[in-house]
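Asks: Numbering (my numbering), first residue to last: 26 to 484. Pasting a structure below so you can have a look.
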Ligand code: GDP
């Protein structure tokens, strides 16, 4: 179990020359550690001054280190629910480290990754989904991803889980009472009533699970595999979409032997483009490895762009590739439009049943249309999260919600037959535990340690 006795400190901003830098201190001694090294208003550390910026200097035995603004936040009204002091100094790595050292000399220890947020969680200021939202927000790579993280930080997922849990607790306590007082056996009509109530909770959970994959994709970025035989223009398209020269483009087939990944933003969503090695038969060892990876990426991809060369005939390889694809997540990108003498290549009819777009990676013609298609596939059937929406955004939450649902499914089966109240109670308890895992009520120390270790230092 992590100790809450120590006072912890860390530099919370990147350690590089910048306008300002922030050092954060949290714990029982935060105030007494700062008092001897801060020179400013005498009232600065008084409770009445909580959450107000104080102007002054940090000094080392009288020698001035930097001019600062300092905020003292008295417990429990702070990020960690402990006494917190934040010092805003000039963003010089030397000054930041000097101030941190003074703070440590006075009794603080360096905070572990995520330890401030972990304290906020352990002190019950936030639940585990809100703690995870802090990390998601810091690492968010798209506007909509950030929006989902903010919704989770507001406690929307937590409130939903708590409401669902309350329903199950109410059913479980009535069932448990009927075990204690056997004269109140479950009559057929009560059984139907329970069935109805459990069904209702199941649909709450299913609703939440139905958007879990989408939540994860929004958070991580939609994986877009760019595939096709060598020389059709995969790397050129990759560069055009990225608007920079990231990949070497040559006219010798097989230049991209590995996969390269970069993100682009389309209407607030993040798409992770992977330029893959050309799919073709080859005897060369490195390229074979590249091709194996291509096939792997294709199967993992959320969206597949199959690139075809408009200036050439469709090869047998192209046709096999098209034939083996999932139409719902594939866009045929017919490249090198600029080389066409007619509006379409003469084989166009044979692929016209698929979603396709004619482009020139060389001059960017058609790329906007391609981007609209990418956005359309990413949001098809689900749309975009609105203000009220919250999505499950990680596997941990998803696994626990699935566990909760399957416990309820088991409970429903038991309800179909007379007796078995004890088993019913056990399943309802495991559902409650699984829901508790999502918000961190029933999570093990190891799991919590693992979650917070992925945070940044100073958060
Ligand atoms: P990859 O092997 O599929 O990655 O293909 P590359 O992007 O390396 O391109 C192969 C060749 O096709 C290069 O000489 C490119 O300049 C050329 N190329 C790519 N896209 C276009 C295009 O839209 N129009 C024309 N005319 N040439 C292109």
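Where is the CB? At the ideal position from N, CA and C, for every residue including glycine.
Could you name the residues of the same chain whose beta carbon sits closer than 8 Å to that of residue 394, not counting the 5 residues immediately before and after it, in chain order?
Replies: Closer than 8 Å at Cβ, skipping near neighbours: 382 and 384.
Asks: Would residue 239 be called buried (16 or more neighbouring beta carbons within 10 Å of its own) or exposed?
Replies: Looking at its Cβ environment, which holds 16 or more other Cβ atoms inside 10 Å, residue 239 is buried.
Asks: Can you list the alpha helix (DSSP H) stretches of 4 or more residues lying completely in the segment 87-163, in chain order?
Replies: Counting only runs of 4 or more, we get 118-130 and 140-147.
Asks: Helix, strand or coil: which one does DSSP assign to residue 373?
Replies: Correct three-state label for residue 373: helix.
Asks: CA-CA distance, residue 111 and residue 154?
Replies: Going from the Cα of residue 111 to the Cα of residue 154 covers about 25 Å.
Asks: Quick check on DSSP: helix, strand or coil for residue 442?
Replies: Residue state, collapsed to three classes: coil.
Asks: Can you tell me where the alpha helix (DSSP H) holding residue 404 begins and where it ends?
Replies: That run of the alpha helix (DSSP H) goes 392-404.
Asks: Establish whether the CB of residue 152 and some CB of chain D are separated by less than 8 Å.
Replies: Among the chains in the structure shown there is no chain D, since it carries only a single protein chain.
Asks: Flag this pair as touching only if the segment 161-173 and the segment 291-298 have three or more C-beta atom pairs under 8 Å; answer yes or no.
Replies: Contact holds: three or more Cβ-Cβ distances are below 8 Å.
Asks: According to DSSP, is residue 265 helix, strand or coil?
Replies: Helix at residue 265.
Asks: I'd like to confirm something about residue 370: is its beta-carbon nearer than 7 Å to some heavy atom of the ligand GDP, or not?
Replies: Not under cutoff, so the answer is no.
Asks: Assess contact between the segment 193-209 and the segment 230-247, defined as three or more Cβ pairs (one per stretch) separated by less than 8 Å. Is contact present?
Replies: At 8 Å Cβ cutoff, the stretches do not touch.
Asks: Find out if the Cβ-Cβ distance for the pair residue 487, residue 386 is shorter than 8 Å.
Replies: Not covered by the structure: residue 487. The range shown for the chain is 26 to 484.
Asks: Would you mind giving the Cβ-Cβ distance between residue 144 and residue 51, rounded to the nearest angstrom? I have them listed as a contact below 8 Å.
Replies: With 8 Å as the limit, residue 144 and residue 51 qualify as a contact, their Cβ atoms being about 6 Å apart.
Asks: Measure the C-alpha to C-alpha separation of residue 376 and residue 341 and round it to an integer number of angstroms.
Replies: Those two C-alpha atoms are separated by around 13 Å.
Asks: With distance defined between alpha-carbon atoms, name the residue in 411, 243 and 460 nearest to residue 166.
Replies: For the residues 411, 243 and 460, the minimum Cα distance to residue 166 belongs to 243.
Asks: Where does residue 366 fall in DSSP's three states?
Replies: Correct three-state label for residue 366: coil.
Asks: With a threshold of 16 other CB atoms inside 10 Å of the CB of residue 76, please say whether the residue is buried or exposed.
Replies: Burial call: exposed.
Asks: Quick one: grab the DSSP three-state call for residue 43.
Replies: Looking at residue 43 - three-state DSSP - the assignment turns out to be strand.
Asks: Please return the same chain residues whose Cβ sits closer than 8 Å to the Cβ of residue 352, not counting the five positions on each side in sequence.
Replies: So the qualifying residues of the chain are 379 and 380.
Asks: Once you ignore the five residues that flank residue 186 on each side, which residues in its own chain have a CB closer than 8 Å to its CB?
Replies: Cβ neighbours of residue 186 beyond the five flanking positions: 154, 460, 463 and 464.
Asks: Taking the alpha carbon of residue 100 as the point to measure from, which residue in 70, 251 and 139 has its own alpha carbon closest?
Replies: If we check each option's Cα against that of residue 100, 70 comes out closest.
Asks: With a Cβ-Cβ cutoff of 8 Å, do residue 193 and residue 453 count as a contact?
Replies: In this structure, residue 453 lies closer than 8 Å to residue 193 by Cβ.
Asks: Name the two residues that bound the continuous beta strand (DSSP E) containing residue 249.
Replies: Note, residue 249: beta strand (DSSP E), 247-252.
Asks: I need the straight-line Cα distance from residue 361 to residue 264, nearest angstrom please.
Replies: For residue 361 and residue 264, the distance between alpha carbons rounds to 14 Å.
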